[in-house]
Structure formats: C-alpha cells, structure tokens
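Peer 1: Here it is, the structure, as structure tokens.
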Amino acid sequence: MIDLNTIKRWLVFAGLMPLLPGCMVGSDYQRPPTTFQSKWDAALIRQQTGDRENLHTWWQSFHDPILTSLITQARLGNRDVFQAEARLRETRANRDLSVANILPTLSMNTSASKNQPSRASRFGQVGQFGGSYNQFSQGLDASWELDLWGKQRRSIEYADATLGASEEDLQDVLISLCAEVALNYIDVRRYQNELVIAKNSLKARQETYDIAWWRAQAGLVSEVDVLQARLSVESTRADIPKLTSQLEQAKHGLAVLLGKQPTALNALLAQSASIPVAANDIAIGIPADVLRQRPDVRRSERKLAAQTAQIGVAEAAAYPSFTLSGSIGLESLLAANLYTAAAKTFQMAASSAWVLFDSGRIRSNVKIQTALQEQALGLYQNTILTALKEVEDSLNALNQEWQRRDALQASATAGKDALTLAEQQYQTGTTDFQRVLDSQQSLLTAQNQLVESEAETASNLIRLYKALGGGWDINATKPNQTHH
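With my numbering applied, the sequence shown covers 3 to 486.
Right, here's the structure in full:
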C-alpha cells in the first residue's frame, strides 16, 4: 500500500504551491479619465421631476396594455435576445476555463499489460526478460505550470472583462428590442389612424360628388364640377391600398420582433386605436448618469480593459515558463503484489522552457496587442461622444416635435371650420366648387400631418428613453412564461 506519510507530503507540497512568489508583467488596467459637459444644452420641460427607476420600464408610462404585453412577449421570444443569452453563457464558460488553467491538474491512471520484448533487443538477450511478462500499475499524476509572470492571471482579467462586455451586449440588445417593439407599435397605430382618415375623407368626397352630380343634373353647375369631384374621390381611394400595405408590413415586422410568425398579431391588432401618449416628466439626469446607464458605453469600457490584459499575456510569453510535475502510484509484475509496500513508486520533477530566439514574433505580438488597445480606447471615447450626441439629438427632436404638434392641432381645427364654411357657401351658390375641393384637400393634409406628428412625438420620446439607456435590466426577473 502507499505510505500515508508520502501522501501527506504531497498534500503539503500542493498546498504550498500557490504561495510561491510571482509577479505580473504588463500594466494594470485603469479606467481612462473622461471629460464631458455637466449639463445638457437642450431644455426639456420638467426634465428633473421624473423617477430614474422608471427608465427600466419606461413603456408603462404610455399606459397602453397592448404595448406592455408586446414588450413582455418580445423579452421572452425574440431571437436576437436568445442569441445574446447564448453568447453570454459561452463567455461565462470561457471565463471558467481561464480560471481552471491556473490551477494544478490531477489525473489517475490504471493499466494492465502483457509484454513480449524483441529477442533482437538488449532486453531480449537477458534471461529473465527472454519471455513475455505482465505489468500492472495504478497511480496519480499531477502537474502545474507556475504563473510566475502573471500570464494566466492576465488571461483571467481578460476573461472577466470579456464576460462583462458580453453582459452589456445582452443589456444593449434588450434596450434596443424594447425601443424597436415600441416604434413598430407606434407605426401600426399611425397607419391605422391614417387609414381611418383616408376612409372618412373618401366618404366625405363621395358625398360631395353626389351633391355635384345632382346639382349638374338640375343645371345649377357645369359637368366640370362633377369631373373634379370624381377626380377627388378616386385620388383619395388610391391612397387606401398603399396605407393598408404599410400597415400589414408594420404588423409583420412587429410579430417577427416577438419571435412569432408574421401574421400572428393580426387578430390582436385588428381594431384601430389612438396613438399612445406618455407623460412628459422624464428624469434626464446629468450626462454622467447617462454614461453610467448606457450599456454600449460600459461594453466599450470592458473591451478596453480586456485588451489591456491581452498586452500582459503577450509580454509574459517573453519570459521562461516553469512546470512542476509528479506522480505517486503502484507498479508490479504480478497483480497479487500490486497493493504491497514494495510496489509503491513516486516521481517529482521540475521543468522549464524559454524561447531564446523567435525572429521577433513575441515583440511583434506585443505591438499588435498594444495597437489593438489603442483602437479600443478610441472606440470607447467615440462611444461616449455618440451617446451624448444621441441624447442631445433626441431632446431637441422631441422639443421641436411638441411645438409642431401644437401647431398642427390648431391647423386641423381650422381646416374643419374652413371645409364646413366652404360646403355651406357652395350649396347656397356663393362660392365655386374648387374652393370645396381645396378645403377638403387642406383638411386631409392637416389631419395626416397631425397623425404623423403624434406618431413622431411618441417615437422621439421612445428614442430618448433608448438614448438614456432605458429598458429591461438583465438582472431583473424574467417575465412570467405565460405571457409567451
């Protein structure tokens, strides 16, 4: 049997191995300093009164249960989210692998063999080895590459940073998904409202055509009025198929975002509804808050940290590597003697390897990793600037669209009054038919512009929430699967 004292010596030796001195080549990562504005240039109404905690569920501020349900379903069924979650699991496994590489390996082997040496070899010339013989063995083998220069520890730093970047990538996918679902939903409601306006306008123009026809039959107006009315009717009718096609495409796109068949939402969205309106009290915060909130900024920072660690990995290749190995076991020519004191065997060894000449490969790799780190730094800085720009653009667009919507509401009201007056004057013969047609067209244009502005206002608000980094938090509990 194996001596227990021998096993104890091995355990003490293995326990002391991690205490061997070591250093880490390469530079320790430090987040680069950033300078940015202390406040936003654009002014947003009541911008500081909202609750920043609501950013994670901003769609609920629209108070539209269908929109809330669609975003919940998208969180569960979207294929991009599925891929991002799989990539995150892959990155976590790679991180575990990096940690495992720094630890010793231990393996057990058992063998039984029958051997026949060649009679032409020197063993074959010795009497006792002249014939065949059996050999039995069992033991444990251990090896450990000492991380004296920090290569494996830098690899773990790289894996940790890459894992963080992968987590932020999933967060970014979720934020983009929430925004895309909401934007597609707004498009559906916009086309539905434009279809309602077009059909109502067609009905009104058909009635105007009937009036013109009867007045022409009575000899009160010329046939030109009838033809103009007919032109107006058919022109409006031609808009309906195009709007219907746009509506169906918006529904199909929304269904695919949810991971469903293109026509899966036709029943749910069969009825028209108004474009949802959200409250204006959004907590914008200061630029520093946005940079902490946005996953694309955090992802770029983690990629910079990962690339910094890669420089240390590359530099460590220029230093010698040291490996400790050993084995303890049993070996015997007879199976009956395998578990005896005489059969025990052990071996301890240390080895090293050092690349003395490689034609500059290691040095070139260090330069490559350094250049990649500089690229990552540039990307990080550019991501910060892009984030600030997107918030400023969204704030400005939202403010301008609010003003445009107010003006268009007044325009649509005036258009209704103008059409009513023109129709009354035409029936009494105090104005010509062209004025009626012009008033109808002006009202149709004003109503469509108002619907477009209402949709754009909602869309700009959604884009602002996205720019602020609002959306599902990957650390939050997933929605109940029954919503799927």
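Each residue gets a CB set at the ideal place from its N, CA and C atoms; glycine is no exception. Here the structure is a predicted model, which is why all the values come from computation and not from measurement.
Decide yes or no for the touch test of the region 247 to 262 against the region 425 to 433: beta carbon pairs closer than 8 angstroms, at least 3 of them.
Peer 2: no
Peer 1: Where VAL279 and GLN32 are concerned, what is the direct C-alpha to C-alpha distance, given to the nearest angstrom?
Peer 2: CA-to-CA, the gap between VAL279 and GLN32 works out to about 44 angstroms.
Peer 1: Considering only C-alpha positions, which residue in the set ASP30, GLN309 and ASN401 is nearest to ASN282?
Peer 2: Residue ASN401 is the option with its Cα nearest to ASN282.
Peer 1: Grouping DSSP H, G and I as helix and E and B as strand, with all else coil, what is ALA272?
Peer 2: When DSSP states are grouped into helix, strand and coil, ALA272 belongs to the coil group.
Peer 1: Buried or exposed for LYS116, going by 16 or more other Cβ atoms inside 10 Å?
Peer 2: exposed
Peer 1: Looking only at its own chain, which residues have a Cβ that is under 8 angstroms from the Cβ of TYR211, when we skip the five neighbours before and after it?
Peer 2: VAL228, ALA231, ARG232, SER234 and VAL235
Peer 1: What does the alpha-carbon distance come out to for the pair MET26 and LEU105?
Peer 2: 17 angstroms
Peer 1: Going by CA-CA distance only, name the one from LEU165, SER247 and ASP66 that's closest to ALA308.
Peer 2: LEU165
Peer 1: Please list, in chain order, all residues of the same chain as TRP356 whose beta carbon is under 6 angstroms from its beta carbon, the five residues on each side excluded.
Peer 2: PRO322
Peer 1: Take GLN483 and list the residues in its own chain whose beta-carbon comes closer than 6 angstroms to its own, dropping the five residues that flank it on each side.
Peer 2: Caution applies to GLN483, whose pLDDT of 48 falls short of 50 and renders its modelled position unreliable; the value that the coordinates give is listed next. So no residue of the chain qualifies.
Peer 1: Assuming ARG301 and ASP174 make a contact with CB atoms under 8 angstroms, what is their CB distance in whole Å?
Peer 2: Confirmed, about 7 angstroms.
Peer 1: Report all residues from its chain with a CB closer than 6 angstroms to the CB of THR347; omit the five preceding and five following residues, and keep chain order.
Peer 2: Excluding sequence positions up to five before and after THR347, its CB lies within less than 6 angstroms of the CB of GLY331 and GLU333, all in the same chain and listed in chain order.
Peer 1: Leaving out the 5 sequence neighbours to the left and right, which residues in its chain are closer than 7 angstroms to THR310 when beta-carbon positions are compared?
Peer 2: SER29, TYR31 and GLN375
Peer 1: Pull the bridge partners of LEU108 from the DSSP assignment, please.
Peer 2: ALA144
Peer 1: With 16 as the cutoff for other CB atoms within 10 Å, does ILE177 come out buried or exposed?
Peer 2: buried
Peer 1: For ALA161 and ASN398, what's the separation of their Cα atoms in angstroms?
Peer 2: One C-alpha to the other measures close to 40 angstroms.
Peer 1: Name the two residues that bound the continuous beta strand (DSSP E) containing SER327.
Peer 2: 323 to 334
Peer 1: From what residue to what residue does the beta strand (DSSP E) around THR347 run?
Peer 2: 346 to 355
Peer 1: Need the endpoints of the alpha helix (DSSP H) that SER100 sits in, please.
Peer 2: 81 to 103
Peer 1: Note the first and the last residue of the continuous alpha helix (DSSP H) segment covering ASN401.
Peer 2: 363 to 429
Peer 1: In whole angstroms, what separates the C-alpha of THR325 from that of TYR135?
Peer 2: 35 angstroms
Peer 1: In whole angstroms, what is the alpha-carbon distance linking LEU466 and ARG363?
Peer 2: Roughly 48 angstroms separates the two Cα atoms.
Peer 1: With a CB to CB cut of under 6 angstroms and the five nearest residues on each side skipped, what residues in its chain are close to GLY490?
Peer 2: The requested residue 490 does not occur in the structure, where the chain is confined to residues 3 to 486.
Peer 1: Can you say whether GLN442 is buried or exposed, counting buried as having 16 or more other CB atoms within 10 angstroms of its CB?
Peer 2: buried
Peer 1: Quick test of your reading: THR265 and ALA257, contact by CB under 8 angstroms. State the CB separation rounded to the nearest angstrom.
Peer 2: Contact holds; Cβ gap of about 7 angstroms.
Peer 1: The alpha helix (DSSP H) spanning SER134 covers which residue range?
Peer 2: First-last for SER134: undefined, no H or E at that position.
Peer 1: Just the C-alpha distance for SER145 and ALA102, rounded to the nearest angstrom, thanks.
Peer 2: 13 angstroms
Peer 1: Beta carbon of SER157, beta carbon of SER100: below 8 angstroms?
Peer 2: yes
Peer 1: Let me know if ARG48 comes out buried or exposed under the rule of 16 or more other beta-carbons within 10 Å of its beta-carbon.
Peer 2: Residue placement at ARG48 cannot be trusted, given a pLDDT of 47 that sits under 50; what the coordinates show is reported in the next sentence. Exposed, by the Cβ-count rule.
Peer 1: Within 10 angstroms of its Cβ, does ASN384 collect 16 or more other Cβ (buried), or is it exposed?
Peer 2: Exposure of ASN384 is indicated by the presence of fewer than 16 other C-beta atoms within 10 angstroms of its C-beta.
Peer 1: Taking the alpha carbon of TYR350 as the point to measure from, which residue in ILE313, LEU271 and LEU142 has its own alpha carbon closest?
Peer 2: First, the amino acid is wrong: residue 350 is Met here, not Tyr. Considering only alpha carbons, the answer is LEU142.
Peer 1: Smallest Cα separation from GLY328: which of MET110, TRP216 and ASP66?
Peer 2: MET110
Peer 1: From PRO23 to ALA95, what does the alpha carbon distance come to, in whole angstroms?
Peer 2: Its pLDDT being 46, under 50, PRO23 is placed unreliably in this model, and the value from its coordinates should be taken loosely. Approximately 29 angstroms, taken between the alpha carbons.
Peer 1: Any idea if VAL226 is buried or exposed, counting beta-carbon neighbours within 10 angstroms, 16 or more meaning buried?
Peer 2: exposed
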